[in-house]
Every structure is written in structure tokens, then in C-alpha cells.
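**Q** The sequence shown finishes on residue 1614 if you use the numbering used here, and the numbering steps up by one all the way, no holes. Don't be surprised by glycine CBs; every beta carbon is placed ideally from N, CA and C. This is the structure, below, for whatever I ask next.
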Amino acid sequence: MIDYRDWFRSATGRRITAEEIGEILGLSRPSVTRRLTSPGGLSADEVIAVSRASNVNPVEALVDMGHLEAAEAMAFLDSDGQLVETADEGELALELARRLNPATRANEIDELAARRSDTPAPVSDPAANHDDGTVRDFDWDIPHAADSSPDENEERLKRGEDPVD
């Protein structure tokens, strides 16, 4: 059997008396004492009322006091949204990328910049992003090196070495 006063003391960091619980529930101290010591203990409604009055998470109290299973509470939370603790790394990465992607916030960024500069937000020219879809063959004749260093394969062949990929 759980000691309700000890549980609330550890959750709140202060002593919770039968008188205080009685004030919250609208019961006398002897009635509260009987409930706290009886096998049935406090009802779920009473645990919720005392938790809220004590600034304690009622779901945590209900789970710890046996009125709810932890799996039931988690299943309810997962039904509409997912907790960070239950999401896998891939889902977290995708959500973070979605939130940080400037393209998804382009209008907001333009409006913010316009407010800061007191000028209207620019209107994008639809032709600026137009791609006609033409695919061209790569032209190997045009030098594409970022520097003017010698061709390593040619140098190796001049020295009589095997070329390296």
C-alpha cells in the first residue's frame, strides 16, 4: 500500500498533512486519515485534486499510485502526437529539418526582413526559377580544375609509374 503523504512529500519537496489534504478535498482530518490508511486509499479524482492543488503532475501521481498504467498514459499521448522520448532518431531529424528549413519559412523571412527595413517584401519573379529541363552532355574539353596544378596521371606516366585512379 502506498503512503500518499510520503509520495506527495517527495513530489513537492515539502510536508503534506492530512489537514491540508482535507481542505483540498473538503473532508475532515479523521475522514482523510481513514482514506489514507484504508486499502482502497484515495480515489483517482481525489489524487488528481490533491496533485493539482500541490502543483504536481496528476498523470505521474495516477501512475505511481496505481490508478493508471504507464503504458496507458503513454498510449494516450502517442495517439495525437509523439513525445521526444518515444520518437526514433530518424523522426527527430526529419522534424528538426522541417522546422529549420528556410524554404518552409520563406514568406515569414521576407515579411520579417521587410518590417525591419520598412520596405515591402519582394515579389519573386516566376521566370527567375524557370528551368527548361534541357540536359546537356558534360564537356570534358573545358578544363574544370579549380587550380592550375599539373595532371597527376600524366606526371606519373612521364616518370614511368602506373596511373592511379
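Measuring only the C-alpha atoms, how far is Asp1494 from Thr1535?
**A** Looking up residue 1494 in the sequence shown gives position 45. Looking up residue 1535 in the sequence shown gives position 86. For Asp1494 and Thr1535, the distance between alpha carbons rounds to 28 Å.
**Q** Between Ser1459 and Ser1477, what straight-line distance do the alpha-carbon atoms span, to the nearest angstrom?
**A** For this step, residue 1459 is matched to residue 10 along the sequence shown. For this step, residue 1477 is matched to residue 28 along the sequence shown. Each residue's Cα considered, the two are about 24 Å apart.
**Q** Taking contact to mean 3 or more Cβ pairs, one atom from each stretch, closer than 8 Å, check whether the stretch 1453-1468 and the stretch 1507-1526 are in contact.
**A** Segments in contact, yes.
**Q** Just verifying my parser: in three-state terms, what is the DSSP assignment at Ser1492?
**A** Against the sequence shown, residue 1492 aligns to sequence position 43. Ser1492 falls in the coil class under three-state DSSP.
**Q** Can you grab the Cα-Cα spacing for the pair Ile1451 / Ile1470, in whole Å?
**A** Counting from 1 along the sequence shown, the entry for residue 1451 is found at position 2. Counting from 1 along the sequence shown, the entry for residue 1470 is found at position 21. Between Ile1451 and Ile1470, the C-alpha separation is close to 16 Å.
**Q** Taking only the alpha-carbon atoms, compute the straight-line gap between Glu1601 and Asp1581 and give it to the nearest angstrom.
**A** If you number the sequence shown from 1, residue 1601 lands on position 152. If you number the sequence shown from 1, residue 1581 lands on position 132. Cα to Cα, Glu1601 sits roughly 38 Å from Asp1581.
**Q** For Pro1612, which residues of its own chain have a beta-carbon under 7 Å away from its beta-carbon, when the five flanking residues on both sides are left out?
**A** What you label residue 1612 is simply residue 163 of the sequence shown in a count that begins at 1. Same-chain partners within the cutoff: Asn1602, Arg1605 and Leu1606.
**Q** Could you compute how far the alpha carbon of Glu1509 sits from the alpha carbon of Leu1517?
**A** Within the sequence shown, the letter at position 60 stands for residue 1509. Within the sequence shown, the letter at position 68 stands for residue 1517. So the alpha carbons of these two residues sit roughly 9 Å apart.
**Q** With a threshold of 16 other CB atoms inside 10 Å of the CB of Arg1484, please say whether the residue is buried or exposed.
**A** Residue 1484 sits at position 35 when you count from the first residue of the sequence shown. Buried.
**Q** If you draw a straight line from the C-alpha of Ala1563 to the C-alpha of Thr1553, how long is it?
**A** Along the sequence shown, read from residue 1 onward, the residue named residue 1563 stands at position 114. Along the sequence shown, read from residue 1 onward, the residue named residue 1553 stands at position 104. The straight-line gap from Cα to Cα measures roughly 18 Å.
**Q** Does the separation of the CB atoms of Ser1503 and Thr1461 fall below 8 Å?
**A** Position 54 of the sequence shown, counted from the start, is the residue given in the question as residue 1503. Position 12 of the sequence shown, counted from the start, is the residue given in the question as residue 1461. In contact: Ser1503 and Thr1461 (Cβ atoms closer than 8 Å).
**Q** Contact defined as beta carbons within less than 8 Å: I believe Ile1473 pairs with Val1496. What is the distance between those atoms, to the nearest angstrom?
**A** As a working mapping, residue 1473 is identified with position 24 in the sequence shown. As a working mapping, residue 1496 is identified with position 47 in the sequence shown. Contact flag wrong, Cβ pair sits at about 11 Å.
**Q** According to DSSP, simplified to helix, strand and coil, what is Asp1588?
**A** Mapped onto the sequence shown, residue 1588 falls at position 139. Asp1588: coil per DSSP, three-state reduction.
**Q** Would you kindly work out how many angstroms separate the C-alpha atoms of Val1584 and Ser1566, rounded to a whole number?
**A** The count along the sequence shown starts at 1 and reaches residue 1584 at position 135. The count along the sequence shown starts at 1 and reaches residue 1566 at position 117. Their backbone Cα atoms lie some 40 Å apart in a straight line.
**Q** Output the boundary residues of the alpha helix (DSSP H) element that contains Leu1474.
**A** By one-based count along the sequence shown, residue 1474 stands at place 25. Unbroken alpha helix (DSSP H) run through Leu1474: Ala1467 to Leu1474.
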